[in-house]
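In the numbering used here, each number is its position in the sequence shown, counted from 1, plus 8.
Beta carbons: idealized from backbone N, C-alpha and C, even for Gly.
Here is the structure we will look at, set down as structure tokens.
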Amino acid sequence: MEYYSSHISKLIEQLSRLPGIGAKSAQRLAFHIVNMPAEQVEQLAGAITSAKANVRYCKECFTLTDQELCPICANPKRNHRQIMVVENTRDLAAYEKTGKYEGVYHVLHGAISPMLGIGPNDIRLKELMQRLQGEVDEVIIATNSSLEGETTAMYISKLIKPTGIRVTRIASGVPVGGDLEYIDEVTLLRALEGRVDL
Ligand code: ZN
């Protein structure tokens, strides 16, 4: 026998598919949502739908944006010859918050993970290599210091080395397995400034 109406069960099932939402949180959120005023629920649902419909990848750096080119790539004051490679848009946001990085980015949307079956072709690596055919002085690899992040950094460095472009890796001191977005700005800046050549 079903404990809840099938509508609630469906909502719980959908919510529990979201990252970081376990069965209990999904239940709590589902009951919260059905108790919300209808208007608020519509706003929430509308925001989800319109974000999905209007957000796309920047054609240059592949961050999430609502224009063809993101504001960073479109900015002529940024140093377009220095590219920082990050795993996701949240990591980009963390570096942008420091306000000290003047180059541009490349967002991989993931990291290589043999364990999870994620290979080089599953992230935006081809696109990075294409960008390097333009005029680039340095590629700063700022993937996380997790096993996946390190594997990805090694892989990218091996790919780029033959091109003669300078490849650097942000300094360690960023906690192992730590998501970049949770690291404070001072630590991020120190990691950037202390980057080493690969
Ligand atoms: Zn961009």
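Next item on the list: State the DSSP-derived secondary structure class of Val144, mapped to helix, strand or coil.
Entry: The residue labelled residue 144 in the question sits at position 136 within the sequence shown. The answer is coil: DSSP assigns Val144 none of H, G, I, E or B.
Next item on the list: Have a look at Val184 and Asp192 and give me their C-alpha separation to the nearest angstrom.
Entry: Position 176 of the sequence shown, counted from the start, is the residue given in the question as residue 184. Position 184 of the sequence shown, counted from the start, is the residue given in the question as residue 192. Because the pLDDT of Val184 is 47, which lies under 50, any placement of that residue in the model is unreliable, and the number read from its coordinates should be weighed accordingly. About 14 Å.
Next item on the list: With DSSP collapsed to three states, give me the class of Tyr65.
Entry: Position 57 of the sequence shown, counted from the start, is the residue given in the question as residue 65. Shown here, Tyr65 sits in a strand according to DSSP, grouped into three states.
Notebook entry, point to check: Where does Leu77 land, buried or exposed, given buried means 16+ other C-beta within 10 angstroms?
Noted result: To locate residue 77, count along the sequence shown from 1; it is residue 69. Burial call: exposed.
Check: Span of the alpha helix (DSSP H) holding Ile16?
Finding: Here residue 16 is taken as the residue at index 8 of the sequence shown, counted from 1. Ser14 to Leu23 is the extent of the alpha helix (DSSP H) around Ile16.
Check: Is it true that the stretch 165 to 180 meets the stretch 56 to 76, where meeting means three or more beta-carbon pairs spaced less than 8 Å apart?
Finding: With the cut-off at 8 Å, the stretch 165 to 180 and the stretch 56 to 76 do not touch.
Next item on the list: Please state if the CB of Thr57 and the CB of His196 are separated by a distance shorter than 8 Å.
Entry: Here residue 196 corresponds to residue number 188 of the sequence shown, with the count starting at 1. Here residue 57 corresponds to residue number 49 of the sequence shown, with the count starting at 1. Sequence check: residue 196 is Leu here, not His. Not closer than 8 Å, so no.
Next item on the list: Would you please state the rounded distance, in angstroms, between the beta carbons of Ile16 and Val49? I believe it to be under 8 Å.
Entry: The residue you call residue 16 lines up with position 8 of the sequence shown. The residue you call residue 49 lines up with position 41 of the sequence shown. The C-beta separation of Ile16 from Val49 comes to about 13 Å, leaving the pair out of contact by the 8 Å criterion.
Check: Run through DSSP, which three-state label would Leu72 get?
Finding: If you number the sequence shown from 1, residue 72 lands on position 64. Of the three classes helix, strand and coil, the one that applies to Leu72 here is strand, per DSSP.
Check: What are the start and end residues of the beta strand (DSSP E) that includes Val87?
Finding: Your numbering for residue 87 matches position 79 in the sequence shown. Here residue 87 is Asn; the residue named in the question, Val, does not match the sequence. Counting along the chain, the beta strand (DSSP E) containing Asn87 begins and ends at Asn87 to Val94.
Next item on the list: Pick helix, strand or coil for Tyr103, following the three-state DSSP scheme.
Entry: Indexing the sequence shown from 1 puts residue 103 at position 95. In this structure, DSSP gives Tyr103 a helical state, which the three-state scheme calls helix.
Note to self: Tell me which residue opens and which closes the alpha helix (DSSP H) that Thr195 is part of.
What the structure shows: Here residue 195 is taken as the residue at index 187 of the sequence shown, counted from 1. For Thr195, the enclosing alpha helix (DSSP H) has its first and last residue at Glu193 to Glu201.
Note to self: Using CA atoms only, rank isn't needed, just tell me which of Asn62, Gly157 and Ala199 is closest to Met123.
What the structure shows: If you number the sequence shown from 1, residue 123 lands on position 115. Taking the Cα of Met123 as reference, the smallest distance to any Cα among Asn62, Gly157 and Ala199 is reached at Gly157.
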